[in-house]
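When we follow this note's numbering, the leftmost residue of the sequence shown carries the number 1, and every step to the right adds one.
Quick notes on the structure that follows.
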Amino acid sequence: MRPGDVAGPPPGPPLVVVLVEPSGALNVGSVARLCANYGVERLRLVAPRCDPLGEEARRMAVRGVGVLERAALFHDLASALSDCHRVVATSGRREGVPLELQDDRSCLAWLSAGPTGQPVALVFGREDRGLSNDELLQAGRLLNLPTASAYTSLNLSHAVAIALHAWHREVRQERPPSEPAENGAEPCRRGELEALLDDAEALLLEVGFLYPHTAAARMAKVRALLQRGAVRGSEVALLRGMVRQLRWASHQGANPAG
1 MRPGDVAGPP PGPPLVVVLV EPSGALNVGS VARLCANYGV ERLRLVAPRC
51 DPLGEEARRM AVRGVGVLER AALFHDLASA LSDCHRVVAT SGRREGVPLE
101 LQDDRSCLAW LSAGPTGQPV ALVFGREDRG LSNDELLQAG RLLNLPTASA
151 YTSLNLSHAV AIALHAWHRE VRQERPPSEP AENGAEPCRR GELEALLDDA
201 EALLLEVGFL YPHTAAARMA KVRALLQRGA VRGSEVALLR GMVRQLRWAS
251 HQGANPAG
């Protein structure tokens, strides 16, 4: 393999690896190398706190330097996930997380069953404190990599290595061909879901169902409910239409049913 080359992509939907605010250039370079090792062509960096194209990162990337150079930068996690149909976020915490933690087999089986040809994402948090609960709620599943209870924290690049190895194993298993999804039956993109939640939150604040100081916590519960239900794109469109009609009716001072 020549420098900058990536191994041919494995079967399954195209995987996106997302690093949130990585602070170590050595880790970023190591992750780029791992992406090349496992045929992952898409690396996305959210507000990196290091130079992802500096000498340290390039030295660790070795033949994954092409992945490093093509890595896309984003200001926030929602933007990085806007086109992804399924999202798994990793968490080293085992308490105080907003969704049920699952093992690699169940998480990655779900991730690999995403719509053919549509991107899915694996999200990794900051080296020092991982992902916030709000960030974890942008995922459909939470992955916890089991370790000895005496020391549960993994180095970022080591966590990526374990997860990508498990992904590679998962997508290479023999499976019967899946039936094509009916029109509108595909899981929604993250951007579609977040737009719906933003619309709903604004309306619920407007009509007094939510209060500014508790809105985030209550909307987190709504987000978790929709994540568990694997809401489809057509269902998001239906819900957004309902929100818009209710907003219109409230502005008219009319009963929505009238």
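All C-beta atoms in this analysis are idealised placements derived from N, C-alpha and C, irrespective of residue type, glycine included.
Member of the options whose CA lies at the smallest distance from the CA of residue i
i      : options                        : result
Glu95  : Val18, Arg244, Leu142, Leu43   : Leu142
Asp103 : Thr147, Gln227, Glu192         : Thr147
Gly140 : His213, Val20, Pro98, Ala61    : Pro98
Thr90  : Gln138, Val65, Leu239, Arg63   : Gln138
Ala230 : Asn133, Pro115, Trp167, Ala215 : Pro115
Ala71  : Arg93, Met60, Ser106, Val28    : Val28
Val17  : Asp198, Cys35, Ala216, Ser23   : Cys35
Ser153 : Ala249, Arg129, Ala216, Arg172 : Arg129
Leu108 : Gln118, Arg93, Arg126, Arg86   : Arg86
Contact under 8 Å by Cβ, residue i with residue j
i      : j      : result
Ser79  : Arg189 : no
Ala195 : Val243 : no
Pro48  : Leu156 : no
Leu204 : Ala163 : no
Ser112 : Glu170 : yes
Val31  : Val207 : no
C-alpha distance - residue i paired with residue j, whole-angstrom precision
i      : j      : result
Asn37  : Leu43  : 13 Å
Arg223 : Val88  : 15 Å
Tyr211 : Arg58  : 48 Å
Met219 : Pro52  : 34 Å
Leu225 : Val20  : 24 Å
Trp167 : Glu135 : 22 Å
Arg247 : Arg63  : 54 Å
Arg240 : Tyr151 : 45 Å
Arg33  : Phe124 : 16 Å
His251 : Asn133 : 34 Å
Ser178 : Gly12  : Low confidence applies to Ser178: its pLDDT is 49, below 50, so where it sits in the model is not reliable enough to give any reading.
Cys50  : Ala202 : 35 Å
Leu15  : Arg232 : 20 Å
Val40  : Val67  : 8 Å
Within-8 Å CB hit, residue i to chain D
i     : result
Val28 : In the displayed structure, chain D is absent; only one protein chain is listed.
Where residue i falls: helix, strand or coil (DSSP)
i      : result
Arg232 : strand
Ala200 : helix
Val18  : strand
Leu164 : helix
Ser178 : Below a pLDDT of 50, predicted positions are generally treated as unreliable, and Ser178, at 49, falls in that range; the measurement from the model is reported next regardless. In the structure shown, Ser178 sits in coil (DSSP, three-state: anything other than H, G, I, E or B).
Leu43  : strand
Ala71  : coil
Ser250 : helix
Worksheet entry | Every unbroken beta strand (DSSP E) within the segment 74 to 144, with a cutoff of 3 residues, ordered by chain | 86 to 90, 120 to 124, 141 to 143
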